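Chains as they are written, first to last, in the numbering used here: chain E, 359 to 678; chain A, 359 to 678. Here the structure comes first, spelled out in structure tokens, and everything after it is commentary.
There are 2 protein chains.
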Amino acid sequence: MDFLKDFTEKINGEIMGYLPENEPAKLYEAVKYLPAAGGKRLRPIMAMLACEAAGGNGENAIPFGIALEITHTFTLIHDDIMDRDEERRGMPAVHKKFGEATAILAGDALFAKAFEIATGTDASPEVVKTLVRNLAVMSREICEGQQMDMGFEEADEVAEEEFLLMIEKKTAKMFEHAAMGGAIISGAGREKQEALQNYGRNVGMAFQIWDDCLDVIGKGIGKPVGSDIREGKKTLIFIHAMRESAEKERLAELYGKEDMTDDELDEVMDMLKRSNSLDYAKEMALRFSETARKNLEKLEEGRAREMLEEIARFAVEREK
Amino acid sequence: MDFLKDFTEKINGEIMGYLPENEPAKLYEAVKYLPAAGGKRLRPIMAMLACEAAGGNGENAIPFGIALEITHTFTLIHDDIMDRDEERRGMPAVHKKFGEATAILAGDALFAKAFEIATGTDASPEVVKTLVRNLAVMSREICEGQQMDMGFEEADEVAEEEFLLMIEKKTAKMFEHAAMGGAIISGAGREKQEALQNYGRNVGMAFQIWDDCLDVIGKGIGKPVGSDIREGKKTLIFIHAMRESAEKERLAELYGKEDMTDDELDEVMDMLKRSNSLDYAKEMALRFSETARKNLEKLEEGRAREMLEEIARFAVEREK
């Protein structure tokens, strides 16, 4: 996956050029704070590779990919306010660093900027119009996903179907539009557009479910373990366990318990494994990754397609 | 101004059609709550009339005008959170009614919807691309204006120039883009576009400054009086008085004072009148209104142009 590192650096080199130095200084410091902190930049990379794999010039899809990445950043800033999360990427969250009012505004300004960047795509006005419309609809769906996610916190039970719809809206849609956007910009026909749309959505689903798995797989790999369990987050793993586990009552008692001890955390993790809930989620993530790769078969073979395949594999093999 | 009432009803009849019934229900209740509460709808009306006055079919500019109105609504929702305002249009603010998290999301969803609506404009893709880009840049400038406004609260002194730049960004830009957008959609050339752009911006400036005047003119007219004074808001009137008044010290002492008595409020209002600060602001509002009307001379005479003239007059004659 060395190519990913190179592409990440490439995108990081470009992204700050889209965020102007401007007045009022406090607003623009807040606007640039999180984009400057880096990230994998998978959305722009996927847009670029999808464009190339569909027969276009990948460079042309980078601005749209960056528009998606900036939209992603805006949702992180607002989500952290809503979820009262105080840290992001090992730094104070934007609202902790700049205050809540400026954080709300910085998110709004980034969202506006995303549309500005999307209109700068080097493509026909007809294509630009389609991209902007897709970006707008997608953004509204992300809001729906976040509202569902917040609703789950208060719900006694969450159906698996509802959970999958939530992560589709909140996470997978952005990958879907990265890959489909690349295909649209390439000028490819409906079949390739749909193949890449499906590819992106399935990668996004795999990514999110694998992320939840990492929380339980734990120890020895990069991610801090058990934070979903401590917070009582209704992940696919938990939803499965509450349906299938023989230890439901004990699980419900401990999951999300305030001041959970390390022993209790271990007990929960063991229960999630004994009920095969971790395996269930892992297998589902693998299936999404496989479906993603199957969709690529409709594209010409070549380096871009191979790299997209590797990204789909990376989604369920990464350790952080 | 009877035509305004008719047009307001017309727009009110259309605007809810753009806001879908959708899931999650809580999000969409919050999304529709403020748009359903009505308003003057001056932005869509201005877009429609500007389009017609520039030689186009006014109906074609209504979706873009509604996109601006929805953007305006989104900014009100987020501003109320930032400013800790608990009421809006005589009802609990969105964040009081639905909670802050859902209010942030409802604003975001409305903002996304504005772009979706703008892409539905019945015009060439090239025109749509221009409109969307303008909407994006304008929205970012509104964020800049709000950040400036928040900065003024903490500042000891605000220069008149800074104040005027703030209201230009926060308020006048939206009127500017309503009128210019109408011109762009009409297909009119650069000269008419610029005339309507200047018209809109000047109406917006007149509107905002007149709004501040109404806070002091007081008694007997619709608006609750003195709320800017009680909150210590740095209006043009206050900025002028702190420069010109012979009673600066007493004014600084009382302005924005906690638990201000009615007598103290009267004293402040008298000081603002004695220093001619109210008159100064009134005259400036009148000048902006006049400049707006002068710009209309570049358009064909006719009913649409007359109505735009009336709106410019209304901006500085209205009593609420």
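Each residue gets a CB set at the ideal place from its N, CA and C atoms; glycine is no exception. What you are looking at is a predicted structure, and each value in this text was computed from that prediction instead of being measured.
Under 8 Å by beta carbon: chain A residues contacting E/Q505 = For this step, residue 505 of chain E is matched to residue 147 along the first sequence. Neighbours of E/Q505 on chain A, chain order: P382, K384, L385, T460 and L463.
Under the assumption that E/G558 contacts E/A537 (Cβ atoms under 8 Å), give the Cβ distance between them as a whole number of angstroms.
-> Numbered from its first residue, the first sequence carries residue 558 of chain E at position 200. Numbered from its first residue, the first sequence carries residue 537 of chain E at position 179. Yes, E/G558 and E/A537 are in contact; Cβ-Cβ is about 3 Å, under 8 Å.
Do we get a CB-CB distance below 9 Å when we pair A/V516 with the residues of chain E?
-> Looking up residue 516 of chain A in the second sequence gives position 158. It does not; no Cβ of chain E falls within 9 Å.
Hey, is A/V674's beta-carbon within less than 9 Å of any beta-carbon in chain E?
-> The sequence position of residue 674 of chain A within the second sequence is 316, counting from 1. No, A/V674 does not count as interfacial toward chain E.
What is the rounded straight-line gap between the Cα of E/A412 and the Cα of E/T529?
-> Here residue 412 of chain E is taken as the residue at index 54 of the first sequence, counted from 1. Here residue 529 of chain E is taken as the residue at index 171 of the first sequence, counted from 1. Their backbone Cα atoms lie some 23 Å apart in a straight line.
Thinking C-alpha only, which one of A/E549, A/E552, A/Q551 and A/D586 is nearest A/Q566?
-> Locating residue 566 of chain A in the second sequence gives position 208, counting from the first residue. Of the listed residues, the one whose Cα sits closest to A/Q566 is A/D586.
I think E/L689 touches E/P393, with their Cβ atoms under 8 Å apart; what is that distance to the nearest whole Å?
-> Residue 689 of chain E lies beyond the residue range present for chain E, which begins at 359 and ends at 678; the question has no answer from this structure.
How many angstroms separate the CA atom of A/K592 from the CA atom of E/E552?
-> As a working mapping, residue 592 of chain A is identified with position 234 in the second sequence. As a working mapping, residue 552 of chain E is identified with position 194 in the first sequence. Approximately 55 Å, taken between the alpha carbons.
Taking only beta carbons into account, state which residues of the stretch 583–614 of chain A come closer than 7 Å to chain E, listed in chain order.
-> none
Taking Cβ to Cβ, would you say E/G584 is nearer than 9 Å to E/D573?
-> On the first sequence, position 226 is the one that residue 584 of chain E refers to. On the first sequence, position 215 is the one that residue 573 of chain E refers to. Closer than 9 Å, so yes.
Helix, strand or coil at E/E445 [DSSP, three-state] = Translated into positions along the first sequence, residue 445 of chain E becomes position 87. Strand, per DSSP.
Comparing the C-beta of A/I543 with each C-beta of chain E, is any distance below 9 Å?
-> Mapped onto the second sequence, residue 543 of chain A falls at position 185. For A/I543, the answer is no, since every Cβ of chain E falls outside 9 Å of its Cβ.
Straight-line Cα distance separating A/R447 from E/L426 = For the purposes of this step, residue 426 of chain E is taken as the residue at position 68 of the first sequence. For the purposes of this step, residue 447 of chain A is taken as the residue at position 89 of the second sequence. So the alpha carbons of these two residues sit roughly 35 Å apart.
How many angstroms separate the CA atom of E/V495 from the CA atom of A/R588?
-> Looking up residue 495 of chain E in the first sequence gives position 137. Looking up residue 588 of chain A in the second sequence gives position 230. Their Cα atoms are separated by approximately 42 Å.
Is there contact between the stretch 447–464 of chain A and the stretch 419–433 of chain E, where contact requires at least three CB pairs shorter than 8 Å?
-> no
Quick one: is E/F473 near chain A, going by C-beta distance under 9 Å?
-> Taking the first residue of the first sequence as position 1, residue 473 of chain E is located at position 115. Taking Cβ atoms only, chain A reaches closer than 9 Å to E/F473, which makes this a yes.
Can you list the residues of chain E that A/E484 reaches, using a CB-CB cut of under 8 Å?
-> The count along the second sequence starts at 1 and reaches residue 484 of chain A at position 126. Correct list: P483.
When you compare only the Cα positions, how much space is there between A/E379 and E/T477?
-> Here residue 379 of chain A refers to the residue found at position 21 when the second sequence is read from its first residue. Here residue 477 of chain E refers to the residue found at position 119 when the first sequence is read from its first residue. About 29 Å.
Could you work out which residues of chain E lie near A/T477, taking near to mean beta carbons separated by less than 9 Å?
-> Position 119 of the second sequence, counted from the first residue, corresponds to residue 477 of chain A. Per Cβ cutoff of 9 Å: K487, T488, V490, R491 and A494.
Run the CB neighbour count on E/G547, radius 10 Å, all protein chains shown included, and call it buried at 16 or more, exposed below.
-> Your numbering for residue 547 of chain E matches position 189 in the first sequence. With fewer than 16 other Cβ atoms within 10 Å, it is exposed.
E/P450 - DSSP class collapsed to helix/strand/coil = For the purposes of this step, residue 450 of chain E is identified with residue 92 of the first sequence, where counting begins at 1. Correct three-state label for E/P450: strand.
Proximity of E/F687 and A/V490 at Cβ, strictly below 9 Å | No answer is possible for residue 687 of chain E: the residues shown for chain E start at 359 and end at 678.
Looking at the structure shown, is A/R548 part of a helix, part of a strand, or coil, going by DSSP?
-> Counting from one through the second sequence, the residue named residue 548 of chain A turns up at place 190. Residue state, collapsed to three classes: helix.
Inter-residue spacing [alpha-carbon to alpha-carbon] between A/F611 and E/T433 = Numbered from 1 along the second sequence, position 253 holds the residue referred to as residue 611 of chain A. Numbered from 1 along the first sequence, position 75 holds the residue referred to as residue 433 of chain E. The sequence shown places Glu at residue 611 of chain A, not Phe. One C-alpha to the other measures close to 43 Å.
Nearest-angstrom Cα separation, counted from E/F361 out to A/L657 = Translated into the one-based positions of the second sequence, residue 657 of chain A becomes position 299. Translated into the one-based positions of the first sequence, residue 361 of chain E becomes position 3. Going by the C-alpha atoms only, they are around 58 Å apart.
With C-beta atoms as the reference, is A/M563 less than 9 Å away from A/A639?
-> To locate residue 563 of chain A, count along the second sequence from 1; it is residue 205. To locate residue 639 of chain A, count along the second sequence from 1; it is residue 281. Cβ distance not < 9 Å, so A/M563 and A/A639 don't count as in contact.
Alpha carbon to alpha carbon, how far is E/T619 from E/C571?
-> Taking the first residue of the first sequence as 1, we reach residue 619 of chain E at position 261. Taking the first residue of the first sequence as 1, we reach residue 571 of chain E at position 213. Distance between the alpha carbons of E/T619 and E/C571 is about 21 Å.
Contact between the stretch 662–675 of chain A and the stretch 627–635 of chain A (3+ Cβ pairs under 8 Å) = no
Thinking C-beta only, is E/L630 closer than 9 Å to E/L609?
-> Here residue 609 of chain E refers to the residue found at position 251 when the first sequence is read from its first residue. Here residue 630 of chain E refers to the residue found at position 272 when the first sequence is read from its first residue. It is a contact, given that the beta carbons lie within the stated cut-off.
Would you mind sorting A/R442 into buried or exposed? The rule is 16 or more other CB atoms within 10 Å of its CB.
-> The residue given as residue 442 of chain A occupies position 84 in the second sequence. When all chains shown are included, A/R442 counts as exposed.
Span of the alpha helix (DSSP H) holding A/L377?
-> For this step, residue 377 of chain A is matched to residue 19 along the second sequence. Looking at the DSSP string, A/L377 is not in any alpha helix (DSSP H), and its letter there is neither H nor E.
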